[in-house]
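So the protein sequences, as listed, match chains F and P. FYI, in my numbering the residues of the first sequence are 659 to 949. FYI, in my numbering the residues of the second sequence are 2 to 261. For each residue, glycine too, the CB sits at the ideal point set by N, CA and C. Only a predicted model underlies this, so the values are computations on that prediction, with no experimental measurement involved. Structure first, commentary second.
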Amino acid sequence: MTSVLSIQNLTKIYSGNTVLNGLNLEVHRGTVFGLLGPNGSGKTTTLSILLDVIPQTSGVFTWGSDINRKKIGSLLESPNFYSHLTAERNLKIAADIKQVPYSDIDRVLQFVSLLDRKKSKFKTFSLGMKQRLAIASALLGNPVVLILDEPTNGLDPQGIFEIRELIHTISSQGITIIIASHMLDEVQKVCTDVAIIKNGNLLVNGKVDELLGDDNIIVLQADDSEKLKSILEQRSDVTNIKPDLNKLVASFSSEVSADTLNKELFEEGIVLSHLERRQKNLEMQFLELTK
Amino acid sequence: MIRLLKIELQKIIYSRQLWIILGLYILLIIPVAYAIDSVSLGGSSNGDAMPGGMAINFFNFPAVWHNMAYLFTWFQLFLGIIIISLVTTEFSQRTLRQNIIDGLTKWEIIWSKELVIILLSSISTILLVAFTLIFGNQGPDTSTWTGIRVIPVYFICAMLYLNFAYFLSFWVKKSGLAIGLLLLYTIIIENLITFKLSDTVAQYFPMKMLSAMIPNPLGSMLSLESEVQFTLQYTLVSIAYIGLFIILIKWMLDKGHSAK
């Protein structure tokens, strides 16, 4: 997989405070990359640096070789437009900046279902509409990468649903999407890859389905750990086994009840000294870090 | 360059505020000129000519060039407000940041506003020429074109003043504050700074220089310099100021000024 964005050792220090501490990340083409972290963890700072809004203190980032700066569509925090101008005139300015023909404006407005409001002034829009207009603007000229910072922030359930649908559709067109969010739930629903940051430090980075897939995780312990392991390995519903001190952490692809498992293992001659259903890896880490 | 100017014009031409200010600018100058004209005539209320044959009619060539240019400098605040409003709106609506995010480079950001300044200065200079030619009274023995050297001087003054407004508004980001600071600086702050300085240094402060380049035409009555100064020195210092303002704006942009 080719890299769309590579970040090495990115650091930002604001008047003595380290808000980003040597961040390293790779974003691959075609992924929906979630930058997950509580408020103030450095997500927006990272995106602002990537988009030239603020300078980094040290470190480098490189966009893929075929990516022209104008081929990156972005929505950073709030939708920012000229309030006295109509949706269409706002998009004309964005189109001129990106050197995209005006003929693309109707297409993107249609995509976010705002075509019938193109002659309305921006200030008359609801927050959901403003957010959709911002996505339309970001899509002008068919970007290679789309950057969305908290795209559902402040929206009602209907608005959140609409934005998520849009993200799915955009992603299915092969556009790489980078989403910053403080909501685990959101990242789980829309992202393929995730990086969790807190206080400017990268905590975890990996595939969403590996880190927070639907697998059931059960922690087991028996006196004969080797035998337990070999029995678990033979089961078709076990996808992964990891040792954790003298316990074993097993991932199950299907729902398995603790008592059934205990019974089945007992029949195999294993007496468990510990049996515990564990919450998903990422959820735990996320709860830990958001404390 | 056309693209940048087009981007900026699209931001302002649909704003009612712009047209009100421009409208007032265009409509007020001539009535004020007539008001001054009547006052200076009334100044010699005893019917005598002013001392030394100074009874100037505002609209007589060639003095009308200088008179009109001086009057135009009074109205520069109007153009300053247009620039301040254009720049501070970009901060209040966070659109400057958005423009950068959308792909404008920092130099493009700077030049796009600079182009508007050049356009406004040109419009203002053209109005000066048009008003002078339309309202000036042709005397029997003077040429209409005597005194036109005020045209380039006026253009330089407008550029300097508007770049100063550009810098101030970029720095403080708030329109009320920028307008207040511009007025305060013009009327009080610069005088306070230059109070203790010798004239050789003080004359190169921006507002002092503006009033030296196009001085009050009636200054000669108080034995002050009243000739339009079209000198290489003033021109170069003006250009240096404009360059300095642009460098400071670039420096602020590089420091992430648009983010907060």
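Contact under 9 Å by Cβ, residue i with residue j
i	j	result
T827 (chain F)	F769 (chain F)	yes
Y167 (chain P)	K114 (chain P)	yes
L169 (chain P)	Y155 (chain P)	no
L733 (chain F)	P815 (chain F)	no
L694 (chain F)	L842 (chain F)	yes
L184 (chain P)	L78 (chain P)	yes
I855 (chain F)	T704 (chain F)	yes
P153 (chain P)	F62 (chain P)	no
F171 (chain P)	M253 (chain P)	yes
K161 (chain P)	I243 (chain P)	Residue identity check: residue 161 (chain P) is Leu in the sequence provided, not Lys. Yes.
Q99 (chain P)	L743 (chain F)	no
L116 (chain P)	E191 (chain P)	no
L933 (chain F)	V803 (chain F)	no
G257 (chain P)	I712 (chain F)	yes
I27 (chain P)	L128 (chain P)	yes
C-alpha distance - residue i paired with residue j, whole-angstrom precision
i	j	result
S915 (chain F)	V866 (chain F)	24 Å
V130 (chain P)	R17 (chain P)	26 Å
K779 (chain F)	Y235 (chain P)	46 Å
V151 (chain P)	N675 (chain F)	54 Å
G137 (chain P)	S227 (chain P)	20 Å
I3 (chain P)	L121 (chain P)	15 Å
L791 (chain F)	L772 (chain F)	7 Å
F165 (chain P)	K756 (chain F)	30 Å
F92 (chain P)	R935 (chain F)	52 Å
V758 (chain F)	R95 (chain P)	22 Å
A50 (chain P)	L249 (chain P)	Confidence in A50 (chain P) is poor, its pLDDT being 44 and thus under 50, which makes the residue's placement unreliable; the coordinate value appears in the next sentence. Distance between the alpha carbons of A50 (chain P) and L249 (chain P) is about 51 Å.
T660 (chain F)	L163 (chain P)	49 Å
S699 (chain F)	I825 (chain F)	23 Å
S829 (chain F)	R687 (chain F)	11 Å
D200 (chain P)	L709 (chain F)	48 Å
L193 (chain P)	T145 (chain P)	40 Å
K174 (chain P)	T90 (chain P)	8 Å
I876 (chain F)	N863 (chain F)	23 Å
N920 (chain F)	I928 (chain F)	9 Å
D645 (chain F)	D255 (chain P)	Residue 645 (chain F) lies beyond the range of chain F shown here (659 to 949); nothing can be said about it.
Spatial neighbours of residue i in its chain, beta-carbon cut-off 7 Å, leaving aside the 5 residues before and after
i	result
T689 (chain F)	T834, T850 and D851
N679 (chain F)	T669, G858 and N859
L237 (chain P)	none
C158 (chain P)	T74, L211, M214 and I215
I13 (chain P)	L19 and L87
S259 (chain P)	L97, R98 and I101
F60 (chain P)	D38, F136, G137 and N138
K251 (chain P)	K107 and I111
Where residue i sits in the DSSP three-state scheme
i	result
F76 (chain P)	coil
I215 (chain P)	coil
G817 (chain F)	helix
A752 (chain F)	helix
Q99 (chain P)	helix
Y15 (chain P)	coil
E684 (chain F)	strand
P759 (chain F)	coil
T143 (chain P)	coil
I247 (chain P)	helix
G731 (chain F)	strand
Q94 (chain P)	coil
P32 (chain P)	helix
K865 (chain F)	strand
V718 (chain F)	strand
E228 (chain P)	coil
R936 (chain F)	strand
A64 (chain P)	helix
Y205 (chain P)	coil
F910 (chain F)	strand
V896 (chain F)	strand
Cβ neighbours of residue i in the same chain (closer than 8 Å, five flanking residues each side left out)
i	result
R956 (chain F)	Lying before the first or after the last residue shown, residue 956 (chain F) is absent from chain F, which here runs from 659 to 949.
L890 (chain F)	L878, V896, I899, L906 and A908
L72 (chain P)	I30, V33, A34 and I37
D724 (chain F)	V802
Residues near residue i in its chain [Cβ-Cβ closer than 6 Å; skip 5 each side]
i	result
T195 (chain P)	A203 and F206
Q988 (chain F)	Nothing can be reported for residue 988 (chain F), as the shown portion of chain F is limited to 659 through 949.
V65 (chain P)	T133 and G137
I818 (chain F)	T810
S706 (chain F)	I712
Residue i CB to nearest heavy atom of the ligand MN below 8 Å
i	result
E115 (chain P)	Here there are no bound small molecules, and the ligand MN is not part of this structure.
The region 72-90 of chain P in contact with the region 175-183 of chain P per 3-pair CB rule at 8 Å: yes
Inter-stretch contact (C-beta, 8 Å, three-pair minimum) for the region 741-756 of chain F and the region 19-31 of chain P: no
Given 8 Å, three or more beta-carbon pairs between the region 898-907 of chain F and the region 879-889 of chain F: yes
Stretch pair the region 791-808 of chain F + the region 718-732 of chain F: three plus CB contacts closer than 8 Å: yes
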